[in-house]
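Numbering (full-length UniProt numbering), first residue to last: 1 to 289.
Here the structure comes first, spelled out in structure tokens, and everything after it is commentary.
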Amino acid sequence: MFPLPMFTPEQVARVCENLEETGDMERLGRFLWSLPAAVPGSAGELLNRHESVMRARALVAFHGGNFEALYQILQSHRFTRESHAKLQDLWLDAHYREAERLRGRPLGPVEKYRIRKKFPLPRTIWDGEQKTHCFKERTRSLLREWYLQDPYPNPSRKRHLAQATGLTPTQVGNWFKNRRQRDRAASAKNRLQQDSCLHPSGSSPECSSEHNTHLQGSSPHRPGSPGENSDCSSGTGPRGPGPPPQTYPSAATASLSREERLHLPSEMDAKTRAFEASGGKRTAARTCT
1 MFPLPMFTPE QVARVCENLE ETGDMERLGR FLWSLPAAVP GSAGELLNRH ESVMRARALV
61 AFHGGNFEAL YQILQSHRFT RESHAKLQDL WLDAHYREAE RLRGRPLGPV EKYRIRKKFP
121 LPRTIWDGEQ KTHCFKERTR SLLREWYLQD PYPNPSRKRH LAQATGLTPT QVGNWFKNRR
181 QRDRAASAKN RLQQDSCLHP SGSSPECSSE HNTHLQGSSP HRPGSPGENS DCSSGTGPRG
241 PGPPPQTYPS AATASLSREE RLHLPSEMDA KTRAFEASGG KRTAARTCT
């Protein structure tokens, strides 16, 4: 344990920050263990309540798999906004790892979403502003405004946007790339729908039904249908071309069999034929009138 006169709170905080940047969690853990205990009213309490020291303890607890200690640290101290992003990642990653340990497999996007809903960020590491797609709403609004002006920002503009939003230039570039891809996909979908309407043989049932209705409404009448080119529809109209008039058997011979008609006398046969000819014409005339 280091004697207190050797390190001031500012010096201890600086050592913690340097070890945090290097990622040497083992040395950082040993250094924190050497600090005096946080006895109420003592100098050790003031030292251990410094934000850099608290953040270092949270990192060591996370990397050591001591998630309960991590949750207790994050919920017991109100951190400044500069520390929120890193501590929020620790909070979520710890809950993800606990769930993966219980299920014995990696989590999918839907399962991670449910974890975030079940274990919301504590207000000690969150300013209360809702996040969407890991970016805050005001950050996304600013990116959308710049996107409308220039969908292809140059590196200088990306750095400027990164400073304005608190993101990295890589995050800004990825956001613009994803937005361009979504816009291209939406444009392609709209073009496909328009093409389907222009060509009813496509896959659009709505456009196909409209096209078929139009064809049915404009189709001409079938030839020979009632009401057109019918001789019987008008008593004064000229007779148009059509099938020859149909003749019918006479009443005198309708009841006779073929054998009986063959044995008729020649005179009766001639009269029958004359009657059939005149009767057939009259019958055809009656059917038209």
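Even glycine gets a Cβ: it sits at the ideal position worked out from N, Cα and C.
Since the model is a prediction, treat every value here as computed from it, not as a measurement.
Proximity winner among the options, relative to residue i (alpha-carbon distances)
i	options	result
L35	A162, E21, R57	R57
R144	P106, D183, G128, K189	D183
H50	L90, E21, D195, S83	S83
R30	V12, L107, I115	V12
S141	A69, A186, R179	R179
E68	R159, L90, F176, E21	L90
L59	N48, S187, L28, E45	L28
Residue i, DSSP secondary structure in three states
i	result
F135	strand
L198	helix
L32	helix
N66	coil
T165	helix
D183	helix
F7	coil
G23	coil
P153	coil
A37	coil
H160	helix
Counted within 10 angstroms of its Cβ, other Cβ atoms place residue i as buried (16 or more) or exposed
i	result
R14	exposed
A94	buried
H77	buried
L74	buried
residue 316	Because the chain in this structure spans residues 1 to 289, residue 316 falls outside the shown range and cannot be described.
- Task: Mind the definition here: the stretch 108–123 touches the stretch 81–99 only if three or more C-beta pairs lie below 8 Å; say whether that holds.
- Result: yes
- For the stretch 73–132, list the alpha helix (DSSP H) runs that are entirely contained and at least 4 residues long, ordered along the chain. 81–103, 109–118
- Examine the Cβ distances between the stretch 46–61 and the stretch 11–27 and report whether three or more of them are shorter than 8 Å. yes
- Determine, using beta-carbon pairs with one atom in the stretch 147–154 and one in the stretch 114–126, whether at least three such pairs fall under 8 Å. no
- For the stretch 162–171 and the stretch 190–198, state whether three or more C-beta atom pairs, one from each stretch, are separated by less than 8 Å. Look at the beta carbons and you see the stretch 162–171 not touching the stretch 190–198: under three pairs across the two are nearer than 8 Å.
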